[in-house]
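In the working numbering, the protein residues as written are -7 to 382.
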């Protein structure tokens, strides 16, 4: 199965570069799943519980690893598993919103998760790959025939009747060329003839505007089992076949809606609902309800039960990552390493921002290692930053 998946990705995946991460970390790559972390998780994830998490080879690799971790959580925990994925490669740059800067990752994550979780998607993708290859081959033949027909039609010595016939041939070839180019543009998917009747993966965007953009731009890039919805408004979509539900960058203003949809979907779908995944959730507004009773209750009901499936955050000098169930790891850029990064710390929990900076300073001799833990001030910083991340 791994070989088939990798072959599909090499045949269909476009090449991407991330404008929000250091080039050595998220290199352009078309591989679907190549890192050791993903290969280890594919066998028995719990065996790797105390092993450090490796950095992904590329953005595509990160998306595949995150999807596989979510799938493994479902296999380990059963139906109605709730988890979260955090992906931040902005390095503190607020030029783009969290949603904007993680859209490319989300698109590839959705494709990988669909292939892993939704039955029949792999077979559909194989058919589309075959259609894509056939369309490319036929397009070359059609264009050669068009060149020959056009040259023949331009011969002044031929009769008017033959010229008319050649013109008809050129018109038919031109029409076929347009059809083939559309099939290629859609990566082998034909929206007029291909339909999906199986289980669905539904994404809830923060607003209808972002959902509409995804419907327009993602359709040819993600499997046809993917449905797009938005938080708020009147919900008219048929959710009776939803088996995986994703909330993409849900904000505090959508918290009530997210909670309502989550409970309604779990009650309606029951064991048919495999997974609920929150990607980059920002459900608590620290300036309004974060430290109050309302924020506390929201965390208890909605956030505390989310299992961290995948975490990747780039830093000015490195990166912090983790894939379930392995350890959190802190990496520093190092030109002498073959990968460009050096592991400097592994932990069994997510370190706070002050702790991450202390880890860097200790590693580089800018401060002494504390005798026990990271001190009272950093413990307080851990609490405050942990609350802020929610």
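Heads up, the beta-carbon is just placed ideally off N, CA and C, and yes, glycines get one too.
Who are the Cβ neighbours of residue i in its own chain at under 6 Å, not counting the five residues just before and after it?
i: residue 66; result: 73, 266 and 267
i: residue 188; result: 216 and 217
i: residue 113; result: 106, 107, 215 and 217
i: residue 197; result: 203, 222 and 240
i: residue 101; result: 55, 58 and 59
i: residue 80; result: 305
Where does residue i sit, in a helix, a strand or coil, going by DSSP?
i: residue 181; result: coil
i: residue 121; result: helix
i: residue 88; result: coil
i: residue 327; result: coil
i: residue 270; result: strand
i: residue 276; result: coil
i: residue 384; result: Residue 384 cannot be examined here, being either before or after the span of the chain that is shown, -7 to 382.
i: residue 289; result: helix
i: residue 317; result: coil
i: residue 43; result: coil
i: residue 245; result: helix
i: residue 38; result: helix
i: residue 336; result: strand
i: residue 238; result: strand
i: residue 129; result: helix
i: residue 139; result: helix
i: residue 256; result: helix
i: residue 265; result: coil
i: residue 94; result: coil
i: residue 116; result: helix
i: residue 358; result: coil
i: residue 69; result: helix
Going by DSSP, which residues form a beta bridge with residue i?
i: residue 306; result: 311
i: residue 299; result: 75
i: residue 342; result: Its beta-bridge partners do not exist; DSSP assigns none.
i: residue 350; result: Residue 350 pairs with nothing; no bridge assigned.
i: residue 80; result: 305
i: residue 322; result: 312 and 337
Taking 8 Å as the limit between beta carbons, can you name the residues of its chain near residue i, skipping five residues before and five after?
i: residue 233; result: 190, 191 and 192
i: residue 179; result: 4, 120, 124, 212 and 213
i: residue 317; result: 37, 38, 40 and 41
i: residue 298; result: 74, 75, 76, 270 and 273
i: residue 333; result: 16, 17, 47, 310, 311, 323, 324, 325 and 326
i: residue 177; result: 212
i: residue 44; result: 318, 319, 321, 335 and 338
i: residue 110; result: 190, 191, 192, 193, 215, 217, 235 and 236
Distance check for residue j and residue i, CA to CA, integer angstroms please.
i: residue 250; j: residue 259; result: 14 Å
i: residue 169; j: residue 209; result: 23 Å
i: residue 70; j: residue 235; result: 12 Å
i: residue 262; j: residue 175; result: 38 Å
i: residue 60; j: residue 127; result: 31 Å
i: residue 255; j: residue 64; result: 23 Å
i: residue 355; j: residue 219; result: 46 Å
i: residue 115; j: residue 58; result: 22 Å
i: residue 257; j: residue 276; result: 22 Å
i: residue 342; j: residue 320; result: 6 Å
i: residue 248; j: residue 237; result: 16 Å
i: residue 86; j: residue 357; result: 30 Å
i: residue 241; j: residue 194; result: 14 Å
i: residue 135; j: residue 171; result: 13 Å
i: residue 164; j: residue 122; result: 24 Å
i: residue 335; j: residue 206; result: 37 Å
i: residue 143; j: residue 118; result: 38 Å
i: residue 308; j: residue 137; result: 55 Å
i: residue 173; j: residue 288; result: 54 Å
i: residue 91; j: residue 246; result: 14 Å
i: residue 230; j: residue 50; result: 35 Å
i: residue 224; j: residue 243; result: 12 Å
Got a sec: is the Cβ-Cβ distance from residue i to anything in chain C below 8 Å?
i: residue 343; result: The structure shown has no chain C; it contains just one protein chain.
For residue i, collect the residues of the same chain with a Cβ closer than 7 Å to its Cβ; drop the 5 residues on either side in sequence, then sort them by chain order.
i: residue 99; result: 210, 213 and 214
i: residue 130; result: 172
i: residue 97; result: 51, 54, 55 and 79
(request) Give, in chain order, every unbroken run of the beta strand (DSSP E) that is at least 3 residues long and sits entirely within the region 157 to 232. (result) If we require 3 residues or more, the beta strand (DSSP E) runs fully inside the region 157 to 232 come out as 192 to 197 and 218 to 222.
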